[in-house]
Every structure is written in C-alpha cells, then in structure tokens.
Amino acid sequence: MKPAVAYSILVLALIAGFVLCSGCTSDGTPTEAPGGTSAAVSYSLSDNGILSVESVDYSYSLGNVTNEGENDSVKVSEVRMIDGETEVYTLLAEPQNQNPLAGIVFAPGAGVSADSHLNRSVEYAESGIAFMVVDVRGNGGKTPGVALNFQNEYATAATGKTPQYYSIIFDLIAAKNYLKEIYGENFPVYVMGSSNGGRYAAIAAAIDPGFAGYFGVSTSGYEYEEGVNGADVDLFIRSINPDTYIADISPAETVIFHAPDDDIIEYQYGLDFFNKASEPKDFVAFNGTHGINDEVDAYIETLLAGS
1146 MKPAVAYSIL VLALIAGFVL CSGCTSDGTP TEAPGGTSAA VSYSLSDNGI LSVESVDYSY
1206 SLGNVTNEGE NDSVKVSEVR MIDGETEVYT LLAEPQNQNP LAGIVFAPGA GVSADSHLNR
1266 SVEYAESGIA FMVVDVRGNG GKTPGVALNF QNEYATAATG KTPQYYSIIF DLIAAKNYLK
1326 EIYGENFPVY VMGSSNGGRY AAIAAAIDPG FAGYFGVSTS GYEYEEGVNG ADVDLFIRSI
1386 NPDTYIADIS PAETVIFHAP DDDIIEYQYG LDFFNKASEP KDFVAFNGTH GINDEVDAYI
1446 ETLLAGS
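Everything in the sequence shown is counted per this note's numbering, starting at 1146 for the first residue and increasing by one.
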C-alpha cells in the first residue's frame, strides 16, 4: 500500500489529519520541534510549498570512539550534532588505513535506531566508504523526538514553528556538512535512506546540491489529492512529499532500489517514484522484501568503488 494522506476540519477551527502511512509510525503525542529560522538553520517555503534551505550550521561534539572490523581497520565514532535545541546522535564509521572513496549519510526506516546499523556501517567502512548513520528523530533511539504524526506536523507548522519532519531533513544536511569538514568540500557525499528514511533523504538531496547523489531503498512518495482540504494543507503536504522534489535531485544521480516482493510499500510505487526522477537515474530490483539488505549494500559498495 502506498502512503495516503488525508485531512479534515476539526473543532476549534484547527485543520487536523490522519495518515494511512506505509513505512511510517504514528502516535498522538504533540511534536516539540525547534522554532523556524535560527542560528543553526535558515530556510523558507515558496508560494508553491517548496522547501529551500539557505544555511545549516550545527555544532558538533565527538563522543566515544572505538576500533572495529578486521584488524581494527575501522574507526567508529559517536558524533552528536546540535541545532541549538536538540542533540542529534549519529554513528560514523571510517576506514583507518586509507582515505575513503566517498561518504554516505544514511537515514534508517521508521522505528530503527542508528546503533542497529553498526555492523552495516563497519562493512561499508571496510569497503572504503565513510558511513554516517543519523539517529532519526522519533525513531526511538538516542535522539529525542516523537513518532511521525502528520496531524501534529501540520499543527506545528501552522503555529510558525519548525515541524520535526523539516528538522530531520536538516539533520541529514548537517551530517553531510560534517563529513565535508573532515575530508574537504570536494569529497563526494551521498545521502541514502531506507523506507521512511528514504523520503527524508530524497528531499535533502533535492534541496542541497552539496550531495553527490541519492540512494532510495524500499521507498516512495505520498499519495495525496490536492484541492480537497484547503490551500494551506495542500502546501504543507507538498512541502514534505518526496514526489514534489525527486526530479530536482538532478544533475546528481538518483538510484532507487525496490524488491518485487516488498510487502510494505508495493513494488509499483517504487517504480512510480523512480519515474518521477530526472536523469541520471537507475532502478534496481533486488531480492528480498522491505528494507535495505546485503544485496543492496553490495551494489552500492561496488558502484562507489568504480566512481
């Protein structure tokens, strides 16, 4: 099933909503998101509801550092990114014995923590790729936040505050900035996301040309009918819908991975998402069900090794 978003007018003249959202989670807890433009992030929305970012300037704090992998060939660091109000936990794996070929900023799917991808991070680093997993707000990991709830996200935006959805996108950009601070502005950094993480990643790639490309795994846009719930709601949904942005990732490359046997987001919706992308782009059907797996990892490692 493709995620469908619908909104209706409720009491107190508040436009609220509900979501039938594959690859997402939802609860009723109000979102506590940072305010709009701040010292850390400056962004705007166009009259058409298109998000753009002028600057993302987080501070960074290095935590625990360990050696992992065969012969301790990988350095794993806990890096906390601070936007002024929230500490965002990330896990960074880097090869110790060589300069990395490229970097990847990775957004896990809903309910999946950064720490659960430790082994994956080490494997990428062993292949020569710096791999930085962002602990997505609301996923239940070490980063504060609440599970994705479209009603709360819209209510937050309607009060002039920054929805958590936007903040997650900015977190991915901040992680890219951190890698470029380490390895230089010309260091290629890709953004990748699995399932719901792929949605955040697609928008980040589209609004920040500093990303070298986008890898979306088992993901799609949102199904939403405009002209039913009012212009304000339409604009907000447009601002968080990956379908709005995927064509703008070009000239960076888009690669979409989807399993024909996906039981969460149907294969056809992955194809539909891919068809909205601009060249250069590629679609990879992989064996499995829903979410990133070893076959996808091997494909990306080989692709970046040859770039």
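Each residue gets a CB set at the ideal place from its N, CA and C atoms; glycine is no exception.
Values in this document were obtained by computation on a predicted structure and should not be read as measured data.
**Asked** Is PHE1431 closer than 8 Å to THR1364 when the C-beta atoms are compared?
**Response** What you label residue 1364 is simply residue 219 of the sequence shown in a count that begins at 1. What you label residue 1431 is simply residue 286 of the sequence shown in a count that begins at 1. No, they are not a contact pair.
**Request:** Kindly list the residues whose CB is nearer than 6 Å to the CB of PHE1315, restricted to its own chain and excluding five residues on each side of it in sequence; keep chain order.
**Result:** Here residue 1315 corresponds to residue number 170 of the sequence shown, with the count starting at 1. If we look at PHE1315 and ignore the five residues flanking it on each side, its Cβ neighbours are VAL1186 and VAL1201.
**Asked** Residue range of the alpha helix (DSSP H) that GLU1398 falls in?
**Response** By 1-based counting over the sequence shown, the position of residue 1398 is 253. No alpha helix (DSSP H) holds GLU1398; the beta strand (DSSP E) holding it covers 1398 to 1403.
**Prompt:** Expressed to the nearest angstrom, what Euclidean distance is found between the alpha-carbon atoms of ALA1347 and PRO1396?
**Reply:** Residue mapping note: residue 1347 aligns to position 202 of the sequence shown, counting from 1. Residue mapping note: residue 1396 aligns to position 251 of the sequence shown, counting from 1. Their backbone Cα atoms lie some 14 Å apart in a straight line.
**Asked** Of all the beta strand (DSSP E) runs that stay within the bounds of the segment 1218 to 1296, which reach a length of 3 or more residues?
**Response** 1219 to 1227, 1232 to 1240, 1247 to 1252 and 1274 to 1279
**Asked** Between ILE1391 and ALA1422, which are expected to be in contact by the criterion C-beta below 8 Å, what is the C-beta distance as a whole number of angstroms?
**Response** For the purposes of this step, residue 1391 is taken as residue 246 along the sequence shown, with counting starting at 1. For the purposes of this step, residue 1422 is taken as residue 277 along the sequence shown, with counting starting at 1. The Cβ separation is near 5 Å, so the contact holds.
**Message:** How far does the beta strand (DSSP E) with TYR1205 in it extend, from its first residue to its last?
**Reply:** The sequence position of residue 1205 within the sequence shown is 60, counting from 1. Segment 1204 to 1213, the beta strand (DSSP E) holding TYR1205.
**Request:** With a threshold of 16 other CB atoms inside 10 Å of the CB of THR1301, please say whether the residue is buried or exposed.
**Result:** What you label residue 1301 is simply residue 156 of the sequence shown in a count that begins at 1. Around the beta-carbon of THR1301, 16 or more other beta-carbon atoms lie within 10 Å, marking it buried.
**Prompt:** Grouping DSSP H, G and I as helix and E and B as strand, with all else coil, what is PHE1332?
**Reply:** As a position in the sequence shown, residue 1332 is number 187, starting the count at 1. Coil.
**Prompt:** What residues in its chain sit with their C-beta under 6 Å from that of LYS1426, if we drop five residues either side in the sequence?
**Reply:** Mapped onto the sequence shown, residue 1426 falls at position 281. Around LYS1426: THR1399.
**Asked** Looking at the structure shown, is ALA1430 part of a helix, part of a strand, or coil, going by DSSP?
**Response** In the sequence shown, residue 1430 corresponds to position 285, counting from 1. It is a strand residue.
**Item:** Pick from TYR1412, TYR1299, VAL1441 and ASP1260 that is closest to GLU1194, judged by C-alpha positions
**Value:** Position 49 of the sequence shown, counted from the start, is the residue given in the question as residue 1194. The residue you asked about is not Glu; residue 1194 is Gly in the sequence shown. If we check each option's Cα against that of GLY1194, TYR1299 comes out closest.
**Sequence-distant residues of its chain with Cβ nearer than 8 Å to HIS1435 (five each side left out)** = Taking the sequence shown and counting its residues from 1, the one referred to as residue 1435 is at position 290. Spatial neighbours of HIS1435 in its own chain (CB-CB distance under 8 Å, excluding positions within 5 residues in sequence) are listed in chain order as GLY1168, SER1340, SER1363, ALA1404, ASP1407, ASP1408, ILE1409 and ILE1410.
**Item:** Alpha-carbon to alpha-carbon, GLU1213 and LEU1237
**Value:** For the purposes of this step, residue 1237 is identified with residue 92 of the sequence shown, where counting begins at 1. For the purposes of this step, residue 1213 is identified with residue 68 of the sequence shown, where counting begins at 1. Computed Cα separation, rounded: 12 Å.
**Prompt:** In the structure shown, what three-state DSSP assignment does GLU1411 receive?
**Reply:** As a first step, residue 1411 must be located in the sequence shown, where it is residue number 266. In this structure, GLU1411 counts as coil in the three-state DSSP scheme.
**Message:** Can you list, in chain order, the residues of its chain with a C-beta nearer than 6 Å to that of ASP1353? Leave out the 5 residues immediately preceding and following it.
**Reply:** Here residue 1353 corresponds to residue number 208 of the sequence shown, with the count starting at 1. Contacts found: ILE1318.
**Message:** Just to check my reading of the structure: ALA1255 and THR1235 have Cβ atoms closer than 8 Å, yes? What is that Cβ distance to the nearest angstrom?
**Reply:** Counting from one through the sequence shown, the residue named residue 1255 turns up at place 110. Counting from one through the sequence shown, the residue named residue 1235 turns up at place 90. Wrong, their Cβ atoms sit about 18 Å apart, outside the cutoff.
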